[in-house]
Amino acid sequence: MNPELLVDLPLARSRTDRAALLRAEPEAVPAALADPRTRVLVVRDGGIRTDGPAGVRWYTVADVRAEAEAVLGVDAVPLDAWLLLGAEDDGARVLALRLPDHAPVPAGTGPADAAVHAPAGATRAGGAAGTGDGWASLRVVGAALDARDAGLATTAVALDAWHDRHPRCPRCGAPTRVAQAGWSRVCDVDGSEHYPRTDPAVIMAVVDDADRLLLGHAATWPEGRYSTLAGFVEAGESAEQAVRREVREETDVVVDRVEYRGSQPWPFPGSLMLGYRAHAVRTNVTVDGQEVTAARWYTRAELTAAVRAGTLLLPGRASIARALVEEWFGGRIEA
Ligand SMILES: [Zn+2]
1 MNPELLVDLP LARSRTDRAA LLRAEPEAVP AALADPRTRV LVVRDGGIRT
51 DGPAGVRWYT VADVRAEAEA VLGVDAVPLD AWLLLGAEDD GARVLALRLP
101 DHAPVPAGTG PADAAVHAPA GATRAGGAAG TGDGWASLRV VGAALDARDA
151 GLATTAVALD AWHDRHPRCP RCGAPTRVAQ AGWSRVCDVD GSEHYPRTDP
201 AVIMAVVDDA DRLLLGHAAT WPEGRYSTLA GFVEAGESAE QAVRREVREE
251 TDVVVDRVEY RGSQPWPFPG SLMLGYRAHA VRTNVTVDGQ EVTAARWYTR
301 AELTAAVRAG TLLLPGRASI ARALVEEWFG GRIEA
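Residue 91 in full-length UniProt numbering is what sits at position 91 of the sequence shown, and the numbering runs on without skipping anything.
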């Protein structure tokens, strides 16, 4: 566990050098493509190419080019499909290759998003998620990746999602082009530069004086799925204010003390989750019926019994929600 973290957050463990100074070099990507030491991961639609149990599939430039050109049916992969993720201790570069969301995938593998809404470890087309040679959603395999791979894969998924959703200039509407080794987009009409967006969201383990935990069920979730409350920080609002507002809006529970526990990127498509423990001073629950359709308090014994009975599905292990629940619980919950 990263000693900087109060709670262990799978997608926030990495300390890989992001090599930000290299991005401004015009030849950063061509030089990396020409270096036989360069390692490449492949990203597409919130997922990564995997290799074996819970591992990123790492390619040489030559191998990934050959596979990508065959899959895409092109003579050469365009230069703006490559993202510079960082540098290894020995100076070797790490790249991501973006494949279009609609790109065909090799036989026997399913689309990356097939597992997004399935419980962690659920079987998908082409094999069990994260355990075969294929594609897996970062949501599913994120917790099983080692710290370095988790950080690089998270960065790749975040950048890929931003490029997908921001092809045009927000000022004039003209198409933009990729710059800075994949870390910005430039509008050649008005000269504006645009950088990857990260939207702050708060997520909170609400606990009462009896040390019970409040979990809610969102309207869009599968039956039995419960998690910590969460919501986006609004314009002109602090994170702490957002915690109190969201809890009140969604459940009518009133919170006073709010304690920061840690943050984790959640690139689906562009959130930064700010995790809190919040203390409830009014515990009567009335759900809003819109975003949250059910919510209730759990003792540890009640939570354990519900998980064992299969009536409570907790969030996946890559999520900060799971980390906040297990921090309150006092240990790993087997489910
Ligand atoms: Zn413009």
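C-beta atoms are modelled at their ideal positions from N, C-alpha and C, and glycine is treated no differently. Just so you know, these numbers come straight off a predicted model, no measurement behind them.
- When distances are taken from the beta-carbon of residue 190 to the heavy atoms of ligand 1, the shortest one is below 7 Å.
- Proximity of the stretch 237-253 to the stretch 304-324 falls short of the contact definition, fewer than three beta-carbon pairs being nearer than 8 Å.
- Residue pairing from DSSP places residue 279 in a beta bridge opposite 207.
- Per DSSP, the unbroken beta strand (DSSP E) holding residue 256 starts and ends at 254-266.
- Between the C-alpha atoms of residue 217 and residue 31 there is a straight-line separation of about 49 Å.
- Residue range 213-218 is occupied by the beta strand (DSSP E) that includes residue 217.
- Take the alpha-carbon of residue 292 and the one of residue 214: they are about 12 Å apart.
- DSSP, read as helix, strand or coil, puts residue 48 in strand.
- Annotation for residue 242: 202, 231, 233, 234 place their beta carbon closer than 7 Å to its own, counting only its chain and skipping 5 residues before and after.
- The Cβ atoms of residue 77 and residue 68 lie closer than 8 Å to each other.
- Here residue 195 is exposed, its C-beta having fewer than 16 other C-beta atoms within 10 Å.
- Among the bridge pairs identified by DSSP, residue 17 is matched with 87.
- Straight-line spacing of the CA atoms in residue 147 and residue 154 works out to 11 Å.
- Its Cα nearest to that of residue 205, the residue 262 stands out among 28, 262, 90, 62.
- DSSP, reduced to helix, strand and coil, places residue 317 outside both helices and strands of the structure shown, so it counts as coil.
- Cβ-Cβ separation between residue 93 and residue 35: approximately 6 Å, consistent with a contact (criterion under 8 Å).
- Judged by DSSP secondary structure, residue 158 falls within the alpha helix (DSSP H) whose first and last residues are 147-165.
- Annotation: the continuous alpha helix (DSSP H) that includes residue 138 extends over 138-141.
- Proximity of the beta carbon of residue 171 to ligand 1 is indicated: a heavy atom of the ligand is located closer than 7 Å.
- Between the C-alpha atoms of residue 335 and residue 165 there is a straight-line separation of about 34 Å.
- In this structure the stretch 2-21 does not lie against the stretch 58-67, because fewer than three pairs of beta carbons, one per stretch, are closer than 8 Å.
- For residue 222, the closest alpha carbon among the candidates 185, 269, 311, 274 is that of 311.
- Collapsing the DSSP output to three states places residue 200 in a strand.
- Assigned with DSSP and collapsed to three states, residue 69 falls in helix.
- In the DSSP secondary-structure assignment, residue 232 is bridged to 201.
- The beta-bridge partner set that DSSP reports for residue 40 consists of 59, 95.
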